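Top to bottom, those sequences are chains A and B. Residues 1 to 370 in this note's numbering are what the first sequence lists, from first letter to last. Residues 1001 to 1345 in this note's numbering are what the second sequence lists, from first letter to last. Ideal Cβ placement from N, Cα and C applies to all residues, glycine included. None of the values given here were measured: they were computed from a predicted structure.
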Amino acid sequence: MSIAAELPVPPATPDPVDPLLEVRDLHTWFDTPRGMVRAVDGVSFTLRRGASIGIVGESGSGKTVLSRSIMNLLPKKAAVPASGEVLFEGRDLRPMSSKQMRSYWGPQMAMVFQDPMTSLNGVVKIGRQITEGLRQHLDLSRQDADAEAVRLLTSVGIPAPERRLGEYPHQLSGGMRQRVTIAIALACGPKLLMADEPTTALDVTVQAQILDLLARQQAERSMGMVLVTHDLGVVANRTDDIAVMYAGQIVEKASTRTLFRRMRHPYTEALMRCIPRVENPSHTRLDAIPGRPPDLAALPVGCRFAPRCRYAQPECLAENPPLFSDEPGHEYRCFFPVGTSAGAEALERNERAGSTAAGTTMDLLTKASA
Amino acid sequence: MAGSGTAHLRDRDDIVLTVEDLVVEFPLGRGRKVHAVSGVSFDLAEGETLGLVGESGCGKSTTGKAIMQVPRPTRGSVRLRGRELTGLHGDDLRKTRPQMQMIFQDPISSLNPRRRVRDIVGEGLSIWNRDRDGASRSRVDELLSAVGLDPETAGGRRAHEFSGGQCQRICIARSLVLDPDVLICDEPVSALDVSVQAQILNLLEDMKARYGLTMLFIAHDLAVVKNISDRVAVMYLGKVCEVGPAESLYARPTHPYTNALLAAVPRPDPEAGSTSVPLEGDVPSPVDPPSGCRFRTRCPRAQERCALEEPLVRPVGEDHFVACHFPVHAADAPADAVAGVATMS
């Protein structure tokens, strides 16, 4: 698309090397009988062409709604028209109708979902599901589309692809099905691939295969990729940047290396600490995060993580921290960041007092079981 | 791997549960059948946690259910404190039920949505007539508090008012109310978020210490299994590959399959790089499993012998057993041990 002339030049963004996707202050709210559910509440990030970002968070952090909002897949009736922009190559997708979006879905941006069984049509042969987009968008003849489908299935590592074209999804294993959905997503050569928990339903060995496959395809096609997951281990060595989401907001964002080396937000730290590791001896007490994420319809005034945070101070309850930054590209939403003197003092104060400013006992926060 | 044999069964006085040569087959008609579990043996000592790990379709859940006698195993023996369960019927079998309890993967669908938490947790007590003189109520309250729920507020609610992690706590309370000897956990944390998973794993450790439980912990996540288990058994396509103490099995995996599983575990560390030597392809169909060693079709070390002869479980270390003709030696570096070995498929 030649829309380079319309590309706005954002003054705030440092070095906008031809951003593929720019999400600016995105809000997606749902009006429900319980009140306004603020599923995505002011999210901004930029994805360069050919780069990848991992979005990490617990269930209910808004990461799936974020990915659906970017793809413009949410029903217009459900989502409240709220502020924010999703700029894909400089053009805002938000106001577009489904009809307009059709020219984007497939050739420009494509998505891989969590459950390959429900995202494939169970009564349509695999060949037709792959060639549908090819015929529609690339105007290929039936023979050419079939040949392309075989090539795609080969590239995602499916043995005997000619035979698979005539099979139905139920004849394939879970890992094979996910390879087929990836082949469908890649079919029209999208510039952006959204993968929403693509390996959560799969076994570890298959998970490693699928993640390697996604990384390889992303590099070969220099495609932008957004990988949504709840597992920090999955994104650790597979995406350029990581954004950690909590209660509808990005609480920390940095390059993967920086995030793991110098994490600043207590939530990122807590997520890291609760992962069981194969290196640790058996029966190691896990540092669980007590409690649950807040109700998105009744968010607290202050920091949304404060009730579960070891560092919480009175300031945290009064005001939701804005995004701070102490090095380029690294942003975090915390008054008392991990690894700083302010954070260390806050932790020490709480340890002396035996509880945090939010009233959570420190005992519960360090070796919580209940 | 994928071998048979009972060399790893221990001859000790404190064995609570022994599973010997367990076979579960499901008929498909026309003489064909699914070989879900084919000759699995293991035992659990008092107060021990055995982790049973493997990919989907390896028969680990079927093994757990066959121990409970639902469905009944096709062949083999299951002994609970020396008592054979496979031959028991009707009331005799029913009387063993309070001794063995189970918790499942999806905590929300394993709770009746129409019943209150207090009734769900207390049902076992009323069935076994242990609810006289209000004993039931205090026992239920004790269990609910033990799993971290407030009996006053939680007792009167129904399952839909709780999150997945809280529902799993209710399931744990229900399974413990009759004070069982053995608790079988079938993927109890795989449907939960990492943060909640840590809570439930810690809770299971607490419950084990408090109520003196012996646990069979079935899961596909190797890090989770290591965290909770004393011993670990690795299963592949209905057979046991390797059994051993958690520390020694993870430090010195000798079965090529264990090795591959460990290499595939994602590490939350960008410096670690991608060390995965992912297995090629998928698990073969259990309807028509490969001859000899069942892992040979995906094994980087497979030789001709593996197709002809099924490996038997044999010792490779203290209390550490493997079923493989060509085990990875402890001295070999795990990842490059496979180089130069002829591959057969």
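Secondary structure in the segment 19-66 of chain A: the beta strand (DSSP E) runs of 3 residues or longer, each lying completely within the stretch, are 19-32, 35-48, 52-56 in chain order. By the Cβ criterion, the segment 123-141 of chain A is not in contact with the segment 1230-1243 of chain B, since fewer than three pairs of Cβ atoms, one from each stretch, lie closer than 8 angstroms. Using a Cβ-Cβ cut-off of 8 angstroms, A/D203 is close to E1055, S1056, H1220 of chain B, given in chain order. The shortest CA-to-CA distance from A/A318 to any of A/F305, A/G329, A/D326, A/P328 is the one to A/F305. Chain order gives no chain A residues near B/Y1236, where near means a beta carbon separation below 8 angstroms; the closest approach is about 11 angstroms.
Within chain A, H283 have C-beta atoms less than 7 angstroms from the C-beta of B/E1205, given in sequence order.
Only those residues of the segment 24-58 of chain A whose C-beta falls short of 8 angstroms from the nearest C-beta of chain B are listed: E58. Inter-segment contact for the segment 1054-1074 of chain B and the segment 1144-1151 of chain B is absent: fewer than three beta-carbon pairs are separated by less than 8 angstroms. Pairwise C-beta distances place the segment 194-211 of chain A in contact with the segment 63-74 of chain A, as three or more of them are shorter than 8 angstroms. Annotated three-state conformation of A/F260 is helix, per DSSP.
In the three-state scheme derived from DSSP, where H, G and I count as helix and E and B as strand, B/G1317 is classed as strand. Taking the Cα positions, B/M1235 is about 6 angstroms away from B/V1053. A Cβ-Cβ distance of about 7 angstroms is found for the pair A/V251 and A/Y332, placing them in contact under the 8 angstroms criterion. One Cα belongs to A/Y168, the other to A/I158, and the distance between them is close to 14 angstroms. Assignment of A/Y267 by DSSP, reduced to helix, strand and coil, places it in the helix class.
Listed by position along chain B, the residues whose Cβ is nearer than 7 angstroms to that of A/R257 are P1270. Around the Cβ of A/A219, a 10 Å sphere holds fewer than 16 other Cβ atoms; the residue is exposed. In the DSSP assignment, B/I1184 falls within the unbroken beta strand (DSSP E) covering 1182-1186. Between the segment 1304-1323 of chain B and the segment 353-360 of chain A, the count of C-beta pairs closer than 8 angstroms stays below three; the two stretches do not touch. Between B/V1194 and A/L271, the C-beta gap is smaller than 8 angstroms, which places the two residues in contact. Between the segment 1249-1258 of chain B and the segment 283-297 of chain A there are fewer than three C-beta pairs closer than 8 angstroms, too few to call the two in contact. Using a CB distance cut-off of 8 angstroms, A/V228 does not count as an interface residue toward chain B. According to DSSP, residue pairing for B/S1004 in a beta bridge involves B/L1312. Listed along chain B are A1198, each with a C-beta nearer than 8 angstroms to that of A/D287.
If you check the CB distance, A/R308 and A/M362 do not come in under 8 angstroms.
Look at B/D1230 here: in three-state DSSP terms it is coil, with no helix or strand label. Residue contact with chain A for B/V1040: absent (no Cβ-Cβ distance below 8 angstroms to any residue of chain A).
Inter-residue distance for A/D240 and A/S255 is about 6 angstroms (C-alpha atoms, whole angstroms). Cβ-Cβ separation between B/G1165 and B/Q1199: approximately 6 angstroms, consistent with a contact (criterion under 8 angstroms).
Cβ atoms of A/A79 and A/T46 stay farther apart than 8 angstroms, at about 23 angstroms. With fewer than 16 other beta carbons inside 10 angstroms of its own, B/N1112 counts as exposed. In the displayed model, A/D241 falls within a strand according to three-state DSSP. Looking at the DSSP output, A/V156 bridges to nothing. Taking the Cα positions, A/G57 is about 12 angstroms away from A/E269. Between the segment 88-99 of chain A and the segment 1213-1223 of chain B there are fewer than three C-beta pairs closer than 8 angstroms, too few to call the two in contact. Interface annotation for the segment 1241-1273 of chain B against chain A: P1245, A1246, E1247, Y1250, A1260, L1261, L1262, A1263, A1264, V1265, P1266, R1267, P1268, D1269, P1270, E1271, A1272, G1273, criterion Cβ-Cβ distance under 9 angstroms.
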